[in-house]
Amino acid sequence: MEQTLLDYFLALVQIDSESKQEGAIARRLTEDLKALGAQVRFDSAHEQFGGEVGNLYASFDGIAGCEPILFAAHLDTVRPGRGVKPQVKDGFVVTDGATILGADDKSGIAQAVWAVKELKEAGEPHAPIELMFTVSEETGLLGAVHADYSLIRSKLAYALDSHVVGQFMTQAPTQYNIDYTVKGRASHAGVEPEKGINAIQIAAVGIAAMKLGRIDESTTCNIGNVEGGIATNVVPPVISVKGEVRGHDIERIQSAINAMNTAMEQAVAAMPGAVLEKRVYSKYASFTVADDEPVVLLAMRASKAAGCEPKTFRGGGGSDANIFNQKGIRTIVAGTGMDNVHTVEERISVAQLEKGCRWVKEVIRMHTNG
Ligand SMILES: [Zn+2]
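Residue numbers are given in our numbering: position 292 of the sequence shown equals residue 283, and the series is strictly consecutive.
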């Protein structure tokens, strides 16, 4: 392994791992984790969605009778994530502007592995430690959804997958997806347009009537993808419109979904012969972990020891933590220092990278010593 955490992080971000292509990074981590004395296993989650490899589970034996503790991160990155060329500039790791950095979530992976490495090298006794590195998180939490939770013994966990070190997302929303298919009728646009029903125009009327964006302080709506049409000389017979509603309050979410549906239904009803098909489905459940629960108290104490200003906050997005909580593993999302994620301006400060590693070590120490 590399000489410093920074070098280790730089090595990891240079291993391509866009969603469903996590084989290479999984091989590298297997080597590193085994060298540190872990038992490494994989599940077959990837067979459900066509990935290269399943979720990685590493377990380190610890003091007998101590409860194990879990740190999780995801192996995959968003695009463009191939051929990352990291540079260190003014205390930040940045990219050359052509790709994302992949600090989301390789900062979390590096911090967890490096913390264990340092504890091992120092010969510090510790509670049993579990690491879980999931696949295809960025494409709908697929790895976590299909994971084999019988391989996890921990009852509390930290997903290292948020921004500022010492800050913890303890509430996350639920998300509903809405897929509309508007069906009209094709005809030649120049010869007999009267026979056609323009699906694009109907959908446009429906979308225009929707209230999108921030609906109230806890609910957001979006139409994010529209596909349809054949050529300029064909009245478009069908269009697909995809959107989402996310929030923390199920009644508000439901009323936002109803409002979007009504807008689209009225647009379709105004055009005789047009047909609407819709599908509304939930991707993950919300979670709320109270500030006085052990998993939060431990995180806050470790933050102070690591020199951070601890804070909890309500997040706007889903992550593996939503699924872990659903599976009965009390999980909050911890900051790693990643910044400007999902853009080519993604970066992380070297100081935050190191602080995050210190935080992981402090959590393990405090968990071990009770
Ligand atoms: Zn992430």
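Just so you know, even glycine gets a beta-carbon here, dropped at the ideal spot from N, CA and C.
Given a threshold of 16 other Cβ atoms within 10 Å of its Cβ, counted over all protein chains shown, does Gly238 qualify as buried or as exposed? On the sequence shown, residue 238 is found 247 positions in, with the first residue counted as 1. Looking at its Cβ environment, which holds 16 or more other Cβ atoms inside 10 Å, Gly238 is buried.
Beta-carbon separation (whole angstroms), Ala29 vs Tyr149, contact threshold 8 angstroms: Here residue 29 refers to the residue found at position 38 of the sequence shown. Here residue 149 refers to the residue found at position 158 of the sequence shown. Contact flag wrong, Cβ pair sits at about 17 angstroms.
Which residues count as close to ligand 1 when the rule is a CB under 5 angstroms from any of its heavy atoms, in chain order? This criterion selects Asp95, Asp96, Asp152.
If I measure Cβ to Cβ from Leu164 and keep anything under 6 angstroms in the same chain, skipping five residues before and after, which residues do I get? Here residue 164 refers to the residue found at position 173 of the sequence shown. Here the sequence assigns Pro to residue 164, which means Leu is not the residue at that position. Contacts found: Arg237, Gly238, His239, Ser277.
Inter-residue CB distance, Leu151 and Ala103 (contact presumed, cutoff 8 angstroms): In the sequence shown, counting from the first residue as 1, residue 151 sits at position 160. In the sequence shown, counting from the first residue as 1, residue 103 sits at position 112. That belief holds up - the Cβ atoms of Leu151 and Ala103 are roughly 6 angstroms apart, short of 8 angstroms.
Secondary structure at Glu268, three-state DSSP: helix, strand or coil? Mapped onto the sequence shown, residue 268 falls at position 277. Here Glu268 sits in strand by DSSP.
Leaving out five residues before and five after His179 in sequence, what residues of the same chain have Cβ atoms less than 6 angstroms from its Cβ? Locating residue 179 in the sequence shown gives position 188, where the first residue counts as 1. Only residues of its own chain outside the window of five on either side were considered, and among them none has a CB closer than 6 angstroms to the CB of His179.
Please go through the same chain and pick out, in chain order, the residues whose beta-carbon is closer than 7 angstroms to the beta-carbon of Glu13, but skip the five residues on each side of it. Along the sequence shown, one-based indexing puts residue 13 at 22. Cβ within range, chain order: Gly42, Glu43, Val44, Leu66, Asp67, Val126.
What does the Cβ neighbour count give for Thr223, buried or exposed, with the cut at 16 atoms within 10 Å? The count along the sequence shown starts at 1 and reaches residue 223 at position 232. By the 10 Å Cβ count, Thr223 comes out exposed.
The alpha helix (DSSP H) enclosing Tyr(-1), as first and last residue numbers: Sequence index remark: in the sequence shown, residue -1 carries index 8 (1-based). Residues -4 to 4.
Endpoints, alpha helix (DSSP H) assigned at Arg19: Within the sequence shown, numbered from 1, the residue matching residue 19 stands at position 28. From DSSP, the alpha helix (DSSP H) with Arg19 extends over 14 to 26.
Kindly indicate the opening and closing residues of the beta strand (DSSP E) around Ala64. Along the sequence shown, read from residue 1 onward, the residue named residue 64 stands at position 73. Counting along the chain, Ala64 sits inside the beta strand (DSSP E) bounded by residues 60 to 65.
Just verifying my parser: in three-state terms, what is the DSSP assignment at Phe51? Counting from one through the sequence shown, the residue named residue 51 turns up at place 60. In this structure, Phe51 counts as strand in the three-state DSSP scheme.
Three-state secondary structure (DSSP) at Ile230? Numbered from 1 along the sequence shown, position 239 holds the residue referred to as residue 230. The answer is strand: DSSP assigns Ile230 an E or B state.
8 angstroms Cβ cutoff, Val226 in contact with chain B: In the displayed structure, chain B is absent; only one protein chain is listed.
If you compare alpha carbons, which of Asp23, Gly99, Ile16, Phe62 is closest to Arg73? On the sequence shown, residue 73 is found 82 positions in, with the first residue counted as 1. Per the Cα distances, Ile16.
Using the Cα positions of Glu183 and Met123, report the straight-line distance between them to the nearest angstrom. Residue numbering aside, residue 183 sits at position 192 when the sequence shown is read from its first letter. Residue numbering aside, residue 123 sits at position 132 when the sequence shown is read from its first letter. Cα to Cα, the separation comes out at about 60 angstroms.
Would a C-beta distance cut-off of 8 angstroms place Glu235 and Tyr167 closer than the cut-off? Sequence index remark: in the sequence shown, residue 235 carries index 244 (1-based). Sequence index remark: in the sequence shown, residue 167 carries index 176 (1-based). Cβ distance < 8 angstroms, so Glu235 and Tyr167 count as in contact.
CB contact flag (Ala101, Leu20, <8 angstroms): The residue you call residue 101 lines up with position 110 of the sequence shown. The residue you call residue 20 lines up with position 29 of the sequence shown. By the CB criterion at 8 angstroms, Ala101 and Leu20 fall outside the cutoff.
For a test of the three-state rule: what should DSSP assign to Val75, helix, strand or coil? The residue you call residue 75 lines up with position 84 of the sequence shown. Coil, per DSSP.
Using 8 angstroms as the cut-off, can you tell me whether the stretch 191 to 203 makes contact with the stretch 244 to 261, which would need three or more C-beta pairs spanning the two stretches below that distance? Touching, per the Cβ criterion.
With hydrogens ignored, establish whether the beta-carbon of Gly157 is closer than 7 angstroms to any heavy atom of ligand 2. Ligands displayed in this structure: ligand 1; ligand 2 is not among them.
Apply the 10 Å Cβ neighbour rule to Gln78 and answer buried if 16 or more other Cβ atoms are within range, or exposed otherwise. Position 87 of the sequence shown, counted from the first residue, corresponds to residue 78. By the 16-neighbour rule on beta-carbons within 10 angstroms, Gln78 is exposed.
DSSP three-state label for Asn46, please. For the purposes of this step, residue 46 is taken as residue 55 along the sequence shown, with counting starting at 1. Here Asn46 sits in coil by DSSP.
Could you tell me whether the stretch 314 to 334 touches the stretch 91 to 101, where touching means 3 or more Cβ pairs closer than 8 angstroms? Contact between the stretch 314 to 334 and the stretch 91 to 101 is present, because at least three Cβ pairs lie under 8 angstroms.
Exposed or buried, what is Gln5 when buried is set at 16 or more other beta-carbons lying within 10 Å of its beta-carbon? Position 14 of the sequence shown holds residue 5. Gln5 is exposed by the Cβ-count criterion.
Under 8 angstroms by Cβ, that's how I've got Lys274 and Gly131 pegged, so tell me the actual separation to the nearest angstrom. The residue you call residue 274 lines up with position 283 of the sequence shown. The residue you call residue 131 lines up with position 140 of the sequence shown. Confirmed, Cβ separation roughly 6 angstroms.
Smallest Cα separation from Val354: which of Tyr140, Met291, Val335? Taking the sequence shown and counting its residues from 1, one reaches residue 354 at position 363. It is Met291.
Considering only the alpha carbon of each residue, which of Ala254, Gln245, Ser246 lies closest to Val232? Working through the sequence shown from its first residue, we reach residue 232 at position 241. Of the candidates Ala254, Gln245, Ser246, the residue whose Cα lies closest to the Cα of Val232 is Ala254.
Hey, how far is the Cα of Val31 from the Cα of Pro227? The residue labelled residue 31 in the question sits at position 40 within the sequence shown. The residue labelled residue 227 in the question sits at position 236 within the sequence shown. Val31 and Pro227: Cα-Cα distance of roughly 53 angstroms.
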